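Participant: The sequence shown runs contiguously to residue 426 in this note's numbering.
The structure follows.
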Amino acid sequence: MRKLILIVVLGLALGALFGQLMMSVPGYWLVRVGDTSYQTSFWFGLVILLAAFLVLHFGLRVLMRLSRPMSRFKVWNSRTRNRNAMKRTVRGLVALAEGRWKKAEKSLVKAADDSSTPLVNYLSAALAAHYQGRYEQADTLLKRAHLSTEGADNAVGMMQAQLMLDRQQYEEALAILTRLDRQLPNHPQVLKQLKQAYLSVSDWDGLRRLMPRLGAQQLISREEREQLELRAYRELIVHEAREGGDIERVRNLWADMPDHLRGHIELIVLYAEALVRGNQEAIAERLLRHSLKEHWDSRLVLRYGLLNVDASRQLVYAEKWLQERPNDPDLLLTLGRLSLRNAYWAKAREYFEASQRQRPSGVVCAELARLYANLGEHNKSQLFYRQSVELLDKSLPSLPQPSEAGEPGKGSGSRGKAKEGGSRA
């Protein structure tokens, strides 16, 4: 209301000012054409000139529009086609989300040429064709997507890599993702696809190097990262140990390994095996000895007793451990083996027998049988060999066996029955 009053007052003031100006500035217009003359007041003539200018201006604009009817029609037609294309695009995307691949592809491709976002149309249509199993058509649509929009290389590359991963074309996908990773370092989608590709082609070295980047981008949980790192380092160490390559590569792997993995028992054992294969048993001895201080485990103890290093010093260390664990059967077995390597036959026998008392084992019985045989006590040797066989027999799976009471000449029939019984089992 205040604005309206202000406008009215301002209008009245301007009107009064303009009226006063007309009275204080008299004058007239005189236009003479031949013998005819036209005369009017100055202010009325000014109004006529302003009105004539406005009429001329709008007349020229109308004429200009009428002179370009085709261009106006093209603009109108383009807008109409774009609206229709947008509607088809929406229908295609809805069909894609609902899993109606054929309808989605048809709608998206038909709307692509008139769409303001042809890249979206072609990429979505390529996905629909892929889900139908029409891989060649999907590749063709990806090419059209690349040509439709400038600067769409990365988006098309990510889609192409994902489709190849789905088709189990892992090597091709990895090549594309490696190129994308150079162009888009630390891109979340590229990193996640790289993880899938590395796992698929068993590229454990690439996977272990990728883990810190995935963690920095918070693209992987702590549990999954630890599992994948464990698997990657395990496979790498096993591979290097099996191939018998440069032991320095294995040592570098161990040095690069995260701290929490260097305490993993399985990795410690594998690393020790690799060191032994690489003629680095002294390093393996130190590794196992220090690891046993932090993580006591039977696998480490048993492997320690099989090393070919300074046996007398090993025996001293192991006997110190025995003071803390006097009834550990695996430690007693290791002490027996270390005693053998030091030529302490009686001590070896005592340790083996103590281990056997703590936990009957076919392995310990075999060690005792071999020791007694070499000492010339064949009766005891045969006794422990039988015990070893009996203990091993208990660990075998339960399977049908031929009967000792079977009649001569029917052995094949007995085997056949045993086999048939095994099949039924």
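Backbone N, C-alpha and C define an ideal beta-carbon position, used for all residues, glycine too.
The structure presented is a predicted model; accordingly, all values stated were derived computationally and were not measured.
Just list the beta strand (DSSP E) runs in the stretch 256-294, keeping only unbroken ones of 3 residues or longer that don't cross its boundaries, in chain order.
Facilitator: Here no run is fully enclosed.
Participant: Evaluate contact between the stretch 321-329 and the stretch 284-292, counting only Cβ atoms and requiring at least three cross-stretch pairs below 8 Å.
Facilitator: They do not touch, by the three-pair rule.
Participant: What would DSSP say about Tyr171, mapped onto helix, strand or coil?
Facilitator: Helix, per DSSP.
Participant: How big is the Cα-Cα spacing for Val239 and Ser222?
Facilitator: Whole-angstrom Cα-Cα distance: 26 Å.
Participant: Can you tell me where the beta strand (DSSP E) with Tyr39 in it begins and where it stops?
Facilitator: Where Tyr39 is concerned, the enclosing beta strand (DSSP E) stretches over 37-42.
Participant: According to DSSP, is Leu31 part of a helix, a strand, or is it coil?
Facilitator: Strand, per DSSP.
Participant: Under the assumption that Leu195 contacts Asn155 (Cβ atoms under 8 Å), give the Cβ distance between them as a whole number of angstroms.
Facilitator: Not confirmed; about 14 Å, so no contact.
Participant: Count the other CB atoms within 10 Å of the CB of Gly423; is the residue buried (16 or more) or exposed (fewer)?
Facilitator: Per-residue confidence for Gly423 stands at a pLDDT of 43, beneath the threshold of 50, marking its modelled position as unreliable; the derived number appears in the next sentence. It is exposed - the Cβ of Gly423 has fewer than 16 other Cβ atoms within 10 Å.
Participant: So Ala130 and Gln138 are in contact, right, with Cβ under 8 Å, and what is the actual spacing, rounded?
Facilitator: Right, their Cβ atoms sit about 4 Å apart.
Participant: Please report the straight-line C-alpha distance between Phe385 and Ala370, rounded to a whole angstrom.
Facilitator: Going from the Cα of Phe385 to the Cα of Ala370 covers about 5 Å.
Participant: Is the CB-CB distance between Ala162 and Asn187 below 9 Å?
Facilitator: No; because the gap between Cβ atoms is not below 9 Å, this pair is not in contact.
Participant: Comparing alpha-carbon positions, which option in His58, Gly35, Pro27 lies nearest Phe45?
Facilitator: Of the listed residues, the one whose Cα sits closest to Phe45 is Pro27.
Participant: Smallest Cα separation from Phe251: which of Thr37, Tyr234, Glu267, Pro259?
Facilitator: The identity of residue 251 in the sequence shown is Val, whereas the question assumes Phe. It is Tyr234 whose Cα lies nearest to the Cα of Val251.
Participant: Using only the alpha-carbon positions, how far apart do Gly337 and Phe353 sit?
Facilitator: Rounded to the nearest angstrom, the two C-alpha atoms are 5 Å apart.
Participant: Might you give, ordered along the chain, the residues of its own chain that have their beta carbon closer than 7 Å to the beta carbon of Asn343, omitting 5 neighbours on each side?
Facilitator: These residues qualify, in order along the chain: Ala312, Ser313, Leu316.
Participant: Below 8 Å on the Cβ atoms is my guess for Ser38 versus Leu31; work out the distance and round it to an integer in Å.
Facilitator: Contact flag correct, Cβ pair sits at about 6 Å.
Participant: Please look up how many angstroms separate the CB atoms of Ala112 and Arg89, rounded, as I've assumed it's under 8 Å.
Facilitator: Confirmed, about 4 Å.
Participant: Under 8 Å by Cβ, that's how I've got Leu332 and Val310 pegged, so tell me the actual separation to the nearest angstrom.
Facilitator: With 8 Å as the limit, Leu332 and Val310 do not qualify as a contact, their Cβ atoms being about 18 Å apart.
Participant: Can you tell me the Cβ-Cβ gap for Ser108 and Ala96, rounded? I've got them flagged as a contact below 8 Å.
Facilitator: The Cβ separation is near 6 Å, so the contact holds.
Participant: Cutting at 7 Å between CB atoms, please list the residues of its own chain near Ala198, excluding the five before and the five after it.
Facilitator: For Ala198, where only same-chain residues beyond five positions count, the Cβ hits under 7 Å are Leu166, Tyr171, Ala174, Leu175, Leu178.
Participant: Between Ala242 and the rest of its own chain, which residues show a CB-CB distance below 6 Å, the 5 nearest in sequence each way excluded?
Facilitator: Excluding sequence neighbours, Ala242 sits near Glu274, Ala275, Arg278.
Participant: Excluding the 5 residues preceding and the 5 following Leu376 in the sequence, name in chain order all residues of the same chain whose CB lies nearer than 7 Å to its CB.
Facilitator: So the list reads Trp346, once near-sequence residues are dropped.
Participant: Throw me the rounded Cβ distance for the Ser125 and Gly93 pair, which I believe falls under 8 Å.
Facilitator: Ser125 to Gly93, Cβ: 7 Å. Contact.
Participant: Can you say whether Ile6 is buried or exposed, counting buried as having 16 or more other CB atoms within 10 angstroms of its CB?
Facilitator: So Ile6 counts as exposed.
Participant: Going by beta-carbon coordinates alone, are Met160 and Leu185 separated by less than 9 Å?
Facilitator: No. Outside cutoff.
Participant: Taking 9 Å as the cut-off, decide whether the C-beta atoms of Ser362 and Leu392 are in contact.
Facilitator: Against a cut-off of 9 Å, the Cβ pair of Leu392 and Ser362 comes out as a contact.
Participant: Which stretch, first to last residue, makes up the alpha helix (DSSP H) that contains Glu351?
Facilitator: Per DSSP, Glu351 belongs to the alpha helix (DSSP H) from 346-359.
Participant: Rank His265, Arg300, Gly264, Tyr305 by C-alpha distance to the C-alpha of Ala283 and give the top, closest one.
Facilitator: Here the closest residue by C-alpha is Tyr305.
Participant: Can you tell me whether Ala17 is helix, strand or coil according to DSSP?
Facilitator: Helix, per DSSP.
Participant: Using three-state DSSP, classify Glu241 as helix, strand or coil.
Facilitator: Three-state DSSP puts Glu241 in a helix.
Participant: What span of residues does the alpha helix (DSSP H) with Val390 cover, start to end?
Facilitator: Val390 -> alpha helix (DSSP H) spans 379-395.
Participant: Could you check the C-alpha separation between Arg110 and Thr141 for me, to the nearest Å?
Facilitator: Note that residue 110 is Val in the sequence shown here, rather than Arg. C-alpha separation (whole angstroms): 12 Å.
Participant: To the nearest whole angstrom, what separates the beta carbons of Ala349 and Leu372, a pair I think is in contact under 8 Å?
Facilitator: About 6 Å; that satisfies the 8 Å criterion.
Participant: Return the CA-CA distance between Asn380 and Ala374, expressed in angstroms with no decimal places.
Facilitator: Cα-Cα distance, rounded: 8 Å.
Participant: What's the C-alpha gap between Arg3 and Gly20?
Facilitator: Whole-angstrom Cα-Cα distance: 26 Å.
Participant: Rounding to the nearest angstrom, what Cα-Cα distance links Arg416 and Val390 in this structure?
Facilitator: Note that Arg416 scores 43 on pLDDT, short of 50, meaning its location in the model is unreliable; the coordinates nonetheless yield the value given after this. One C-alpha to the other measures close to 23 Å.
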